[in-house]
Amino acid sequence: MPQPPSAVSRDEPVIRDRGDACPGALRLHAADDGYLARVRLPGGLLTVHQAALLASAADRFGDGHLELTSRGNVQLRGLGDGCGTALAELLDAAGLLPAPSHERVRNIVATPASQDVLPWVRELDRLLCANTRVTALSGRFLFALDDGRGDVAALDPDVTVLGRPGGRALVRLGAAPGAVAVAVRNAPRAALLAAEYFLDAVEAAGTRAWRVAELPAGHALDDAGFAARLAAAGTDALRVPAVDWPSCAPPAPGPRDPLCVLPPFGRLSTGQWRVLVQVAEGGDGLRITPWRTVVLPGTPDPSPLEAAGLVVSPDSPWRGVTACTGRPGCAKSLADVRADARALVDRARGPLPVHWSGCERRCGHPRGTQWVDALATADGYRLSVDGRTLPHRPDLAAALTAARDGTARDSAVRKTTSSAQSPKTQ
Numbered sequence: 046m047p048q049p050p051s052a053v054s055r056d057e058p059v060i061r062d063r064g065d066a067c068p069g070a071l072r073l074h075a076a077d078d079g080y081l082a083r084v085r086l087p088g089g090l091l092t093v094h095q096a097a098l099l100a101s102a103a104d105r106f107g108d109g110h111l112e113l114t115s116r117g118n119v120q121l122r123g124l125g126d127g128c129g130t131a132l133a134e135l136l137d138a139a140g141l142l143p144a145p146s147h148e149r150v151r152n153i154v155a156t157p158a159s160q161d162v163l164p165w166v167r168e169l170d171r172l173l174c175a176n177t178r179v180t181a182l183s184g185r186f187l188f189a190l191d192d193g194r195g196d197v198a199a200l201d202p203d204v205t206v207l208g209r210p211g212g213r214a215l216v217r218l219g220a221a222p223g224a225v226a227v228a229v230r231n232a233p234r235a236a237l238l239a240a241e242y243f244l245d246a247v248e249a250a251g252t253r254a255w256r257v258a259e260l261p262a263g264h265a266l267d268d269a270g271f272a273a274r275l276a277a278a279g280t281d282a283l284r285v286p287a288v289d290w291p292s293c294a295p296p297a298p299g300p301r302d303p304l305c306v307l308p309p310f311g312r313l314s315t316g317q318w319r320v321l322v323q324v325a326e327g328g329d330g331l332r333i334t335p336w337r338t339v340v341l342p343g344t345p346d347p348s349p350l351e352a353a354g355l356v357v358s359p360d361s362p363w364r365g366v367t368a369c370t371g372r373p374g375c376a377k378s379l380a381d382v383r384a385d386a387r388a389l390v391d392r393a394r395g396p397l398p399v400h401w402s403g404c405e406r407r408c409g410h411p412r413g414t415q416w417v418d419a420l421a422t423a424d425g426y427r428l429s430v431d432g433r434t435l436p437h438r439p440d441l442a443a444a445l446t447a448a449r450d451g452t453a454r455d456s457a458v459r460k461t462t463s464s465a466q467s468p469k470t471q
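If you're matching positions, the sequence shown starts at 46 in my numbering and goes up one per residue.
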């Protein structure tokens, strides 16, 4: 199985001959079902007013739906030709385009259940929007602001800020084993300087890398070099060569504080979205998470959400089930993956997440966790875990259940081990 995008190795340097075509709110992407706009929401933060205006945009310009992305952003699909200017005006009026030239680089995920990271989110976004150099970043470059529990730090970010006790924070470059420690107040500026360090390395390498993991080994970012850069910029920094990085599961659907809501496939009709907005009124707004859920601070009444078809129970079979757009919205897809996933959602449960992909690109696949890859092919679905293709079984529901509970993977491992140890038959 080809490596998913998050598994790129420096042993195989990526050399690009074109710029990044990642869609934004101003750069629309032409899909089979119309144009697509991706609205960046640093930290996933939305006020009730902004959320209401997004629903109006989906009704006025799009297909009447909103999609949550794996980076805590919102997409509008089915947009008509020529709507770009009017859509930009609406988003600008909502305060969702503070710096049009930077709108695709405002990729910031943050611990959704934490209030402590909000000052970081706002300050890093302000610094990004005021810095002309960072407009050279790819629309795929990702900042993660983690309060210390390790949820968003596990999402393969390019720059991670991790809260630590004693008013300190760690800043990590890509998947480095170590980090640089700075004072909490300096964390957003350190994250910005890390992005500039990356851009310098990209320019020196000449490979047009989009992510830290894509830099060739000779131009890899270095903790010691980063600490020296921070010191030269007037920011006290201490190199920490090895860090025991924490890990934490994402918030599960349920009426806890905060309330976590799961829309199946991360897709809501504007009617469902307006119910969500109504429930959020009087609170601290909405937080869109990188797991395609919505967090509402506090413990509002979840019953209207459940009545609208949104998931608010941790026992729902929809938990851990994601899919790309598939047919008919994507020309590259070999199947209507969402229809197929919906048909099996009650019959193929298990602890491992499953992502249904219509083609080898595997758009929107889970990050930072083990997952079952259900890939559409010309001959049906191929299942794999950790790059290991599982044996074909005619009953897809049974095969997927076994894959999600680990039975199929363990069986495949035993079979491989047994074959390797058995003498060859002449």
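Built from N, CA and C at the ideal position, the CB exists for glycine as well. On a predicted model such as this, the values are computed, not experimentally measured, just so you know.
Residue i and residue j closer than 9 Å at C-beta
i             : j                 : result
leucine 238   : arginine 274      : yes
proline 261   : proline 222       : no
glycine 395   : leucine 445       : yes
aspartate 268 : phenylalanine 243 : no
threonine 156 : glycine 330       : no
leucine 397   : arginine 449      : yes
arginine 234  : alanine 226       : no
alanine 419   : valine 399        : yes
alanine 368   : tryptophan 401    : yes
leucine 190   : glycine 88        : yes
aspartate 79  : glycine 125       : Reading off the sequence, residue 79 comes out as glycine, not aspartate. Yes. Within cutoff.
alanine 100   : threonine 338     : no
leucine 173   : valine 288        : no
leucine 321   : alanine 102       : no
leucine 86    : glycine 117       : yes
Rounded C-alpha distance that separates residue i from residue j
i              : j             : result
alanine 70     : glycine 327   : 28 Å
arginine 427   : threonine 434 : 7 Å
glycine 270    : aspartate 281 : 14 Å
aspartate 108  : alanine 82    : 12 Å
glycine 211    : arginine 194  : 15 Å
arginine 139   : valine 84     : The residue you asked about is not arginine; residue 139 is alanine in the sequence shown. Approximately 12 Å between the Cα atoms of the pair.
leucine 141    : glutamine 120 : 13 Å
arginine 383   : alanine 393   : 14 Å
alanine 386    : valine 366    : 8 Å
aspartate 137  : arginine 122  : 19 Å
threonine 344  : proline 298   : 12 Å
leucine 23     : alanine 198   : What is shown of the chain runs 46 to 471, which leaves residue 23 out entirely.
arginine 372   : glutamate 134 : 31 Å
glycine 451    : arginine 105  : 45 Å
aspartate 170  : threonine 177 : 13 Å
aspartate 192  : arginine 209  : 8 Å
tryptophan 165 : threonine 205 : 12 Å
histidine 264  : alanine 272   : 16 Å
lysine 341     : leucine 90    : Sequence inspection shows leucine at residue 341; the lysine mentioned does not correspond to that position. Taking the straight line joining both Cα atoms gives about 11 Å.
aspartate 374  : arginine 217  : The amino acid occupying residue 374 in the given sequence is glycine; aspartate does not appear at that position. The alpha-carbon atoms of glycine 374 and arginine 217 are separated by roughly 37 Å.
threonine 461  : glycine 413   : The predicted position of threonine 461 is uncertain, since its pLDDT is 42 and thus under 50; a value taken from the coordinates is nonetheless stated next. Roughly 26 Å between the two C-alpha positions.
leucine 283    : alanine 66    : 37 Å
serine 348     : valine 324    : 10 Å
threonine 180  : arginine 61   : 18 Å
alanine 224    : valine 150    : 23 Å
valine 229     : leucine 350   : 37 Å
Buried/exposed call for residue i, threshold 16 Cβ in 10 Å
i              : result
serine 378     : buried
leucine 200    : buried
serine 292     : exposed
serine 159     : buried
glutamate 148  : buried
isoleucine 153 : buried
aspartate 440  : exposed
alanine 472    : This structure does not reach residue 472, given that the chain is present from 46 up to 471, and the question cannot be answered.
leucine 207    : buried
proline 296    : buried
leucine 98     : buried
serine 146     : exposed
serine 463     : Reliability of the predicted coordinates at serine 463 is poor, the pLDDT of 40 falling under 50, and the value obtained from them is presented with this limitation in mind. Exposed.
aspartate 77   : exposed
threonine 130  : exposed
proline 436    : exposed
alanine 220    : exposed
aspartate 431  : exposed
aspartate 381  : buried
lysine 469     : Since pLDDT at lysine 469 reaches only 39, below the 50 mark, its modelled position is unreliable, and no value is offered.
glycine 311    : buried
Problem - Every unbroken beta strand (DSSP E) inside the stretch 358 to 406 [3 residues or more] - result: 366 to 368, 399 to 402
Handout entry: Three CB pairs or more closer than 8 Å across the stretch 330 to 338 and the stretch 113 to 120
Key = yes
Exercise for the section: Kindly confirm or deny that the stretch 290 to 308 and the stretch 350 to 370 touch, where touching means at least three C-beta pairs closer than 8 Å. Expected result: yes
Handout entry: Uninterrupted alpha helix (DSSP H) stretches inside the stretch 265 to 346 (no shorter than 4 residues)
Key = 268 to 277, 315 to 325
Handout entry: contact_flag[the stretch 250 to 259, the stretch 161 to 168] where n(CB pairs < 8 Å) is 3 or more
Key = no
Exercise for the section: Would you be able to state if there are at least three C-beta pairs under 8 Å between the stretch 340 to 354 and the stretch 399 to 415? Expected result: no
Problem - Any alpha helix (DSSP H) of 4 or more consecutive residues that is wholly inside the stretch 218 to 252 - result: 232 to 250
Problem - Residue ranges of each alpha helix (DSSP H) within the stretch 141 to 202, 4 or longer - result: 163 to 174
Practice task
Run through the stretch 69 to 130 for me and flag every whole beta strand (DSSP E) of 3 or more residues, listed as ranges in chain order.
Solution key: 74 to 76, 79 to 84, 110 to 113, 119 to 124
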